[in-house]
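S.K.: Quick one: structure below, then a few questions.
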Amino acid sequence: MRAKNTKRTNGVAGDAWLPDIAGTAGPKYKAVTAAISAAVARGELRHGDRLPPQRDLAAKLGIDLTTVTKAYDLARQRGLIVARGRAGSFISEDVRTGEVATAAQSDIAMNSPPIPIESRLTDAMASALGTLGRAGLARLHYQRPGGAAADRESGAELLGRTGLSSSVEQIAVTAGGQNGLHAVASAILKPGDRVACGRFVYPGFAAIARRMGVTLVPLAEMTADALEAAHAAAPLRALYIVSTNDNPTTATIEVGERRAIAAWAEDAGVQIVEDDAYGLLPDAPIPAIASFAPAISWYVMSMAKIVSPALRVGFVRAPGVAEAMQIAACQHESAVMAPPLNVAMISLWLADGTLDALIDAVRKEASWRQRLAHSVLGDGRHAAHPQGYHLWLPLAGDSQPDTLAAALALDGLSAVQSDRFAVGADAPRAMRISLGGTIDRRGLSRALHRLAAQLWTPGGAASHIV
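First residue of the sequence shown: 3, per the numbering used here; consecutive thereafter.
As structure tokens, then:
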């Protein structure tokens, strides 16, 4: 819900601010309040700006005056605006948009989910806080290692959507996916171990491997045959795999190959570390590799990539109860526990349907952005998952990806060179383009057109592509 024709004069937005609430779902007054909140977050409205008079805004939007009154009342309750009698309603001085925005600049190098055009995350958080507050403060104290039983039940329910059957005792709640991966690596790896992975790997796991003195063994393709060849050359301790919408290549392993990988790992006695950060984004989640080899699999799921990175909650499914206790102990060493408030919100939202709605909103926004990217960049020039929010763009050897990344950063678009993900020195040149984060649809369209111009203009930053 982006404002139309917002104009600023001496710090006062005045009658020029007009939210776009056409086609929004739910009560209109909530849509207007959400538009105010979004405009504040983007910096379109700043502390001290005057909002349009309620009667004028109602007339311009074609809605009842009482609807606008309810919207402004809700905005006041949330601390967004203050009323100053006949002078009107103003953005609260407490909002301090400019200062907050400066202090909280997002890291565009991260692959973050897009903010849905009708995001209800802040509303959901506010509602959850009210519910949890009425329930008492027990949720906000130190939690037992591995998480409370109710929260581990939530994890088991979510993991079940990927075909993975789990007892509550096999689940550990972690402070996000990275914390979960660290705990798994601490539990099963030691210096000198060899771990198979793709030619490009999630940098967070690569950092864990470096710290532990573990050797990553890159495979040209993640198949049972490739694993067999690598294991024959020198024994593997484990394999690390992002099975759905790989970061960065966007590759998804088909069900048949998942079965084959699981069968090979069982026969070879090689542990499977499955990082399924994006696994619940597809309309129909694919069965996890771990579901075909549960006795040797360590499965990690988290909320950061499917809802918001503000939610530092992950779930690890261990092969057995003793192994889950190891995960809980390792997790406790590094982070003590997952943020109790975040975990409580996830369990509450799972129970009342809010979590599914939030995931679906991200899924729909990601799908829209993928369609936009396809329309701008064309077919066959990049790899992507239809419900993912990053692209994998192969480049020719004479391209200048650093120059291209710098140009795109000016538009707020994340473009990361392949060498940041590469395992080994001979990996192909490419870039991961992230369509998510704080960039809105208009900014994304502008950045993608800049990317297209750079790619297809002779002499551009990356004028040759393969």
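In this text, a Cβ means the ideal position worked out from N, Cα and C, and glycines have one as well.
#1: Look at the alpha carbon of VAL219 and the alpha carbon of ALA424, and state the distance between them as a whole number of angstroms.
#2: For ALA385, which beta-bridge partners are listed by DSSP?
#3: Who pairs with CYS199 in a beta bridge, going by DSSP?
#4: Quick check: the Cα distance between ARG163 and LEU282, rounded to an integer number of angstroms?
#5: Taking only the alpha-carbon atoms, compute the straight-line gap between PRO147 and ARG314 and give it to the nearest angstrom.
#6: With burial defined as no fewer than 16 other Cβ atoms inside 10 Å of the residue's Cβ, what is the status of ARG444: buried or exposed?
#7: Could you name the residues that DSSP lists as bridge partners for THR176?
#8: How long is the line joining the alpha carbons of LEU241 and ILE291, rounded to whole angstroms?
#9: Can LEU393 and THR252 be called in contact, C-beta distance under 9 Å?
#10: Around the C-beta of ASP285, are 16 or more other C-beta atoms found within 10 angstroms, so that it is buried, or is it exposed?
#11: How about ALA432: is its C-beta nearer than 9 Å to some C-beta of chain B?
#12: Return the Cβ separation of ALA379 and LEU446 in integer angstroms, given the expectation that the two are a contact with Cβ distance under 8 Å.
#13: Identify, in the order they occur along the chain, each residue of the same chain with its Cβ nearer than 7 Å to the Cβ of VAL345, setting aside the five sequence neighbours on each side.
#14: Going by Cα to Cα distance, which pick from LEU457, ALA455, LEU437 and ASP442 is closest to MET112?
#15: With three or more C-beta pairs closer than 8 Å as the rule, is the stretch 200-219 touching the stretch 229-245?
#16: Output the distance between the C-alpha atoms of ALA24 and SER167, rounded to the nearest integer angstrom.
#17: Quick check: the Cα distance between PRO237 and SER416, rounded to an integer number of angstroms?
#18: Can you tell me whether ILE263 is helix, strand or coil according to DSSP?
#19: Along the beta strand (DSSP E) that carries SER299, what are the first and last residues, could you check?
#20: Are there 16 or more other CB atoms within 10 angstroms of the CB of ALA264, so buried, or fewer, so exposed?
#21: CB LEU406 to CB LEU374, shorter than 9 Å?
#22: Apart from the five residues on each side of it in sequence, which residues of its chain come closer than 6 Å, Cβ to Cβ, to ALA177?
#23: Just verifying my parser: in three-state terms, what is the DSSP assignment at MET347?
#24: What residue range is occupied by the uninterrupted alpha helix (DSSP H) comprising PHE92?
#25: CB GLY182 to CB ILE329, shorter than 9 Å?
#26: Just checking my contact of SER156 with CYS332 at CB under 8 Å: how many whole Å lie between their CB atoms?
#27: Does the distance from the C-beta atom of ARG434 to that of PRO250 stay below 9 Å?
#28: Using the Cβ count rule (16 or more neighbours within 10 Å means buried), how would you classify TYR144?
#29: Going by C-alpha to C-alpha distance, which of HIS387, ALA297 and GLU259 sits closest to GLY271?
#30: Could you pull out every residue in the same chain whose Cβ sits closer than 7 Å to the Cβ of ALA222, ignoring the five residues on either side in sequence?
#31: By Cβ distance below 8 Å, which residues in the same chain neighbour SER94 in space, the five residues on each side in sequence not counted?
#32: Closest by CA to GLY414, which one among ALA312, LEU397 and GLY439?
#33: Report all residues from its chain with a CB closer than 7 Å to the CB of GLN172; omit the five preceding and five following residues, and keep chain order.
#34: Short check: CB of SER121 to CB of ALA41, under 9 Å?
#35: Between GLY100 and ILE38, what straight-line distance do the alpha-carbon atoms span, to the nearest angstrom?
#36: State the DSSP-derived secondary structure class of ALA228, mapped to helix, strand or coil.
M.R.: Working from what's here:
#1: 11 Å
#2: TRP394
#3: PRO220
#4: 8 Å
#5: 16 Å
#6: exposed
#7: GLY316
#8: 12 Å
#9: yes
#10: exposed
#11: Of the protein chains in the structure, only one exists, and it is not chain B.
#12: In the sequence on display, residue 379 carries Leu and not Ala. 12 Å between Cβ atoms; not a contact.
#13: GLY149, ASP153, VAL175 and VAL315
#14: LEU437
#15: yes
#16: 43 Å
#17: 38 Å
#18: helix
#19: 299-304
#20: buried
#21: no
#22: ARG314, ALA337 and ALA340
#23: helix
#24: First-last for PHE92: 91-93, but that is the beta strand (DSSP E), not the alpha helix (DSSP H).
#25: yes
#26: No, SER156 and CYS332 are not in contact; Cβ-Cβ is about 21 Å, not under 8 Å.
#27: yes
#28: exposed
#29: ALA297
#30: ARG201 and ALA228
#31: HIS49, GLY81, LEU82, ILE83 and VAL84
#32: GLY439
#33: ARG319, ALA320, GLY322, VAL323 and ALA326
#34: no
#35: Because the pLDDT at GLY100 is just 47, under 50, the model does not fix this residue reliably, and the value given afterwards should be weighed accordingly. The alpha-carbon atoms of GLY100 and ILE38 are separated by roughly 15 Å.
#36: helix
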